[in-house]
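First comes the structure, then the notes that go with it.
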Amino acid sequence: MLNIQFSARYEKWDDYAEPLRKAFLENGLNVKLAQDLPPDEVDYIIYAPNGPVTDFTPYTKLKAVLNLWAGVEDVVGNETLTVPLCRMVDNGLSEGMTEWVTGHVLRHHLGMDTHIHGQDGVWRAGRVPPLARDRPIGILGLGALGQACGKALRMLNFPVSGWSRSEKNIHDITCHFGDDGLRAVLATSQTLVLLLPLTDATTHILNAETISLMPRGAVIINPGRGPLIDDDALLNALASGQISRATLDVFATEPLPPEHPYWAHPNVTVTPHIASETRVDTAAQVIADNVKRGENGEPFAHVVDRTAGY
0 MLNIQFSARY
10 EKWDDYAEPL
20 RKAFLENGLN
30 VKLAQDLPPD
40 EVDYIIYAPN
50 GPVTDFTPYT
60 KLKAVLNLWA
70 GVEDVVGNET
80 LTVPLCRMVD
90 NGLSEGMTEW
100 VTGHVLRHHL
110 GMDTHIHGQD
120 GVWRAGRVPP
130 LARDRPIGIL
140 GLGALGQACG
150 KALRMLNFPV
160 SGWSRSEKNI
170 HDITCHFGDD
180 GLRAVLATSQ
190 TLVLLLPLTD
200 ATTHILNAET
210 ISLMPRGAVI
220 INPGRGPLID
230 DDALLNALAS
240 GQISRATLDV
250 FATEPLPPEH
260 PYWAHPNVTV
270 TPHIASETRV
280 DTAAQVIADN
290 VKRGENGEPF
300 AHVVDRTAGY
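This is the structure:
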């Protein structure tokens, strides 16, 4: 029997317990799943950084840590974690992110706020947006989420270019990498979507210099990580008109403090880190599949590169 410890927020236990047990059973795995097991008996940890485990040293039998979140920046630097750490790459997560990103891209592209907030008796006709084919979209980050969003936007006929730290080749998306590639994407992006992991190299990747490379009046959409953006630089760019609007789902400090200027800014939309969350049923299948891989002597899926940080 495998001993698997669930180490996440305790209020999530009731959501995950039965779907996980069902997924393990369907994969032919005999599992004892619990929140609190003797550390030296644990084979796998299902993990979120807000859970109780911060020191992995007592887990002497541990084979892998299976993250419930797509982001791993809060655990990747933990020196006590020496076994494989696996990111959550889940179809449900990708679908949710694609829906959120596509919705906000279309909202800004079509200028929907003009009419949603203009219910005042004024007939605002004659404001015709360009067609999607004439509105270039840039995506920073071409992992599973970035690729899913890029493909959906291409289906709507937006020209899509993307940037990643390493070279990629994705059908129907113009791919760039490196410093020159970043400048090329920024220079054409009338709407920019941020889906990068947070590392030392990506912190404040959008700053005064890089924002100045974008077309004047561009839109920024950030469902990735808050510190990808230098907040002061973005507020200055909004004040000058360099950036016309921003939709932000993630922030350097969460919850976003009530006094933060984003809340009251007329051209900023704040959403409370809801762009996409792990879906319990599909995530349970991803976790069970990875445990089965480990028990069959196969490589784990979605293993984090500790050097790169994601």
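Residue numbers (numbering that gives the first Met the number 0): 0 to 309. For every residue, glycine included, the Cβ atom is placed at its ideal position computed from N, Cα and C.
When the beta-carbon positions are compared, residue 140 and residue 191 stay at least 8 Å from each other. 90 is the residue among 90, 54 and 12 whose C-alpha sits nearest the C-alpha of residue 276.
With respect to the 8 Å criterion, residue 169 and residue 160 are not classified as neighbours on the basis of their beta carbons. Taking the C-beta atoms as reference points, residue 248 is found nearer than 8 Å to residue 273. Taking the C-beta atoms as reference points, residue 69 is found no nearer than 8 Å to residue 83.
For residue 7, no beta strand (DSSP E) encloses it, and the DSSP letter there is neither H nor E. DSSP places residue 278 outside any beta strand (DSSP E), giving it a letter other than H or E. Residue pairing by DSSP places residue 31 opposite 2 in a beta bridge.
When DSSP states are grouped into helix, strand and coil, residue 122 belongs to the coil group. If you draw a straight line from the Cα of residue 152 to the Cα of residue 99, it is about 12 Å long.
Per the C-alpha coordinates, the member of 147, 16, 262 and 135 positioned closest to residue 92 is 147. Judged by DSSP in its simplified three-state form, residue 175 adopts strand. Here residue 188 carries a coil assignment [DSSP, helix/strand/coil].
Restricting attention to alpha helix (DSSP H) runs no shorter than 4 residues, the stretch 172-257 encloses them at 177-187, 207-211 and 230-239, ordered along the chain.
Membership of residue 65 in the beta strand (DSSP E) is indicated by the continuous run 63-66. At the C-beta level, residue 109 and residue 128 come within 8 Å of one another.
Secondary structure at residue 269: strand, using DSSP grouped into helix, strand and coil. Of the residues assessed, residue 96 falls on the buried side of the cut-off, its CB having 16 or more other CB atoms within 10 angstroms. Nearest to residue 12 by alpha-carbon distance, out of 26, 51, 78 and 308, is 51. In the DSSP assignment, residue 152 falls outside any beta strand (DSSP E) and within the unbroken alpha helix (DSSP H) covering 143-154.
Excluding five sequence positions before and after residue 223, the CB atoms of its chain that fall closer than 7 Å to its own CB belong to 140, 193, 194, 195 and 249, given in chain order.
CA-CA distance, residue 41 to residue 28, rounds to 15 Å. The secondary-structure analysis by DSSP pairs residue 139 across a beta bridge with 162 and 193. Following the DSSP letters along the chain, one finds residue 58 in no beta strand (DSSP E), marked with neither H nor E. Per DSSP, reduced to three states, the secondary structure at residue 80 is coil, with no helix or strand assignment.
Residue pairing of residue 44 in beta bridges, as defined by DSSP: 4 and 64. Judged by DSSP in its simplified three-state form, residue 285 adopts helix.
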